[in-house]
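Here is the structure we will look at, set down as structure tokens.
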Amino acid sequence: MTGRARAVVAGGAGFVGSHLCELLLSEGAEVVCVDNLITGAEKNIETARQDPRFSFVKQDVTEKLDFGADMVFHCASPASPIDYAMYPIKTMLANSVGTMNCLELAVREGARMVMCSTSEVYGDPEVSPQQEDYFGNVNPVGPRSCYDESKRFAEAMCKAYERERDAQVVIIRIFNTYGPRMREDDGRVIPNFVCQALDDRPLTVYGDGSQTRSFCNVSDLVRGLCLAMTTEGAPGNVINLGNPAEMTVLELARKVIESIGSSSAIEFEPLPQDDPRRRRPDISRAAEILGWSPRVGLDEGLEGVVAYFKENQ
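FYI, this note's numbering numbers position 163 of the sequence shown as 158, with every residue one higher than the one before it.
Right, dumping it as structure tokens:
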């Protein structure tokens, strides 16, 4: 980034948002972090707050965003199954009214917006790997629909603003991401497994563990988000960001136990409704448009997660 660009990061005190704030600061930007702290935490932005170019505003994204901005990142939404099951209405409002407010800010300020969407828009996919032109297989009234469908609506809202208001928007579909600052209780598989293994408790695998996931380190993800903001040809595109290295959940459980040297056993529980059977991104568009590909392998990335939870449990 060149100059003193001002970035507004909605959801900036969350897991992904806080890492994004730090990267933006390191690249010379001024950062306004907006978060209602429902699932984010002020401890996540302790490092960023040491920089005088960083400011924090406790505010819900469903309220008007009245800031100067050169860049707008919309990361504000509960993003784990436990969180959006607890806050289904707030999730839907963050991805509908909140998306509109971010778009209004971007249009008013002449700023580019990066919309943090999700691989969940593909639902339980019938094709693999998932490409951006795949329309998905989503249950519109299931327990995950508050997240899946509100993100699909958010994408449609972005396209409507492009067509009617000339908004400059990049839609990023984020696949499974992990790293430091994930919450132990957020229900996602890597913090679940790591915390269980550190305590020598049984690792909980849902179903038979044959469902697959592809895990991207948060440092790779936020680098991709910044490229989406700064790459000339990115606006107007929908782009997957994730690591295409696919593995089964059972393989992940065994890897975590081995890497920690844990004596944990593995226990199997019923598979939740609408849990995706396969999740693997096609990232050829990210490579072509952004010049992006993941750099951090799972073994290296797990070391950072284990160290974080050892320090913060």
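Cβ atoms here follow ideal geometry from the backbone N, Cα and C, with glycine treated the same way. For clarity, every value in this text was computed on a predicted model and none was experimentally measured.
Taking the beta strand (DSSP E) that N235 belongs to, which residues open and close that run? Reading the sequence shown from its first residue, position 240 is the one you call residue 235. Element bounds for N235: V233 to L236.
So, under 8 Å CB-CB, S309 and G174 are touching, yes? Tell me the CB distance rounded to an integer number of Å. The first residue shown for the chain is -4 and the last is 308, placing residue 309 beyond what the model contains.
Beta-carbon within less than 6 Å of V27's beta-carbon, same chain only, minus the 5 sequence neighbours each way: which residues are those? Numbered from its first residue, the sequence shown carries residue 27 at position 32. Closer than 6 Å at Cβ, skipping near neighbours: V3, S50 and F62.
Are V217 and L18 closer than 8 Å when you measure CB to CB? Position 222 of the sequence shown, counted from the start, is the residue given in the question as residue 217. Position 23 of the sequence shown, counted from the start, is the residue given in the question as residue 18. Cβ distance < 8 Å, so V217 and L18 count as in contact.
Taking Y117 as the reference, give the member of A229, N171 and M108 with the closest Cα. Taking the first residue of the sequence shown as 1, we reach residue 117 at position 122. The residue with the shortest Cα to Cα distance from Y117 is N171.
Just list the beta strand (DSSP E) runs in the stretch 98 to 169, keeping only unbroken ones of 3 residues or longer that don't cross its boundaries, in chain order. 107 to 113 and 163 to 169
With distances taken between CB atoms, is the gap from Q45 to M108 smaller than 8 Å? Counting from one through the sequence shown, the residue named residue 45 turns up at place 50. Counting from one through the sequence shown, the residue named residue 108 turns up at place 113. In this structure, M108 does not lie closer than 8 Å to Q45 by Cβ.
Beta strand (DSSP E) containing R208: first to last residue? In the sequence shown, the residue the question calls residue 208 occupies position 213. Where R208 is concerned, the enclosing beta strand (DSSP E) stretches over T207 to S209.
Using beta-carbon positions only, say whether N39 and G6 come within less than 8 Å of one another. Along the sequence shown, read from residue 1 onward, the residue named residue 39 stands at position 44. Along the sequence shown, read from residue 1 onward, the residue named residue 6 stands at position 11. No, the Cβ-Cβ distance between N39 and G6 is not below 8 Å.
I'd like to know whether the C-beta atoms of P239 and S209 end up nearer to each other than 8 Å. Start at 1 with the first residue of the sequence shown, and residue 239 comes out as number 244. Start at 1 with the first residue of the sequence shown, and residue 209 comes out as number 214. The Cβ atoms of P239 and S209 sit closer than 8 Å to each other.
Please classify N171: does DSSP put it in a helix, a strand, or coil? Here residue 171 is taken as the residue at index 176 of the sequence shown, counted from 1. Coil at N171, not helix or strand.
Taking contact to mean at least 3 C-beta pairs separated by less than 8 Å, is the stretch 222 to 230 in contact with the stretch 87 to 104? no
DSSP beta-bridge partners of P276: Taking the first residue of the sequence shown as position 1, residue 276 is located at position 281. Per DSSP, Q125.
At what residue ranges does the stretch 213 to 263 contain a whole run of the alpha helix (DSSP H), taking only runs of 4 or more? Within the stretch 213 to 263, complete alpha helix (DSSP H) segments of at least 4 residues are found at 213 to 225 and 244 to 255, given in chain order.
Hey, Y79 and C16 are a contact pair by Cβ (cut 8 Å); roughly how many whole angstroms apart? In the sequence shown, counting from the first residue as 1, residue 79 sits at position 84. In the sequence shown, counting from the first residue as 1, residue 16 sits at position 21. No, Y79 and C16 are not in contact; Cβ-Cβ is about 22 Å, not under 8 Å.
Per DSSP, cross-strand counterpart(s) of C70: Here residue 70 corresponds to residue number 75 of the sequence shown, with the count starting at 1. By DSSP's assignment, C70 forms no beta bridge with any residue.
Nearest to A64 by CA position, among C97, A155 and V300, is which residue? Taking the first residue of the sequence shown as position 1, residue 64 is located at position 69. For A64, the nearest C-alpha among the options comes from C97.
What's the C-alpha gap between A43 and R178? By 1-based counting over the sequence shown, the position of residue 43 is 48. By 1-based counting over the sequence shown, the position of residue 178 is 183. Approximately 19 Å between the Cα atoms of the pair.
Where do the N-terminal and C-terminal ends of the beta strand (DSSP E) with D269 fall, by residue? Along the sequence shown, read from residue 1 onward, the residue named residue 269 stands at position 274. D269 -> no beta strand (DSSP E), and no H or E assigned at all.
Beta-carbon spacing of V56, A71 below 8 Å: The residue labelled residue 56 in the question sits at position 61 within the sequence shown. The residue labelled residue 71 in the question sits at position 76 within the sequence shown. A contact, by the Cβ cut-off of 8 Å.
Which residues in the same chain have their Cβ closer than 7 Å to the Cβ of Q54, if we skip the five residues on either side of it in sequence? Looking up residue 54 in the sequence shown gives position 59. Taking C-beta separations shorter than 7 Å and ignoring five residues to either side along the sequence, the partners of Q54 in its chain run V29 and N31, following chain order.
Just to confirm my understanding: we take T207, look at its own chain, exclude 5 residues before and 5 after, and list those with CB closer than 7 Å. What are they? Residue mapping note: residue 207 aligns to position 212 of the sequence shown, counting from 1. If we look at T207 and ignore the five residues flanking it on each side, its Cβ neighbours are E241, M242, T243, R273, R274 and R275.
Within 10 Å of its beta-carbon, does S13 have 16 or more other beta-carbons around it, so buried, or fewer, so exposed? Walking along the sequence shown from the start, residue 13 turns up at place 18. So S13 counts as buried.
Is the Cβ-Cβ distance between I234 and E127 less than 8 Å? Counting from one through the sequence shown, the residue named residue 234 turns up at place 239. Counting from one through the sequence shown, the residue named residue 127 turns up at place 132. For I234 and E127, yes; Cβs fall inside 8 Å.
Assigned exposure category for F188 - 16 Cβ within 10 Å defines buried: For the purposes of this step, residue 188 is taken as the residue at position 193 of the sequence shown. Answer is buried; the Cβ neighbour count reaches 16.
Cα-Cα, which of E306, S259 and Y156 is closest to V200? Numbered from its first residue, the sequence shown carries residue 200 at position 205. It is S259 whose Cα lies nearest to the Cα of V200.
Would you check if the distance between the CB atom of F95 and the CB atom of S145 is smaller than 8 Å? Numbered from 1 along the sequence shown, position 100 holds the residue referred to as residue 95. Numbered from 1 along the sequence shown, position 150 holds the residue referred to as residue 145. The amino acid occupying residue 95 in the given sequence is Met; Phe does not appear at that position. With respect to S145, M95 sits apart: the two C-beta atoms are not nearer than 8 Å.
Under the three-state reduction of DSSP, which class applies to F51: helix, strand or coil? By 1-based counting over the sequence shown, the position of residue 51 is 56. Three-state result, F51: strand.
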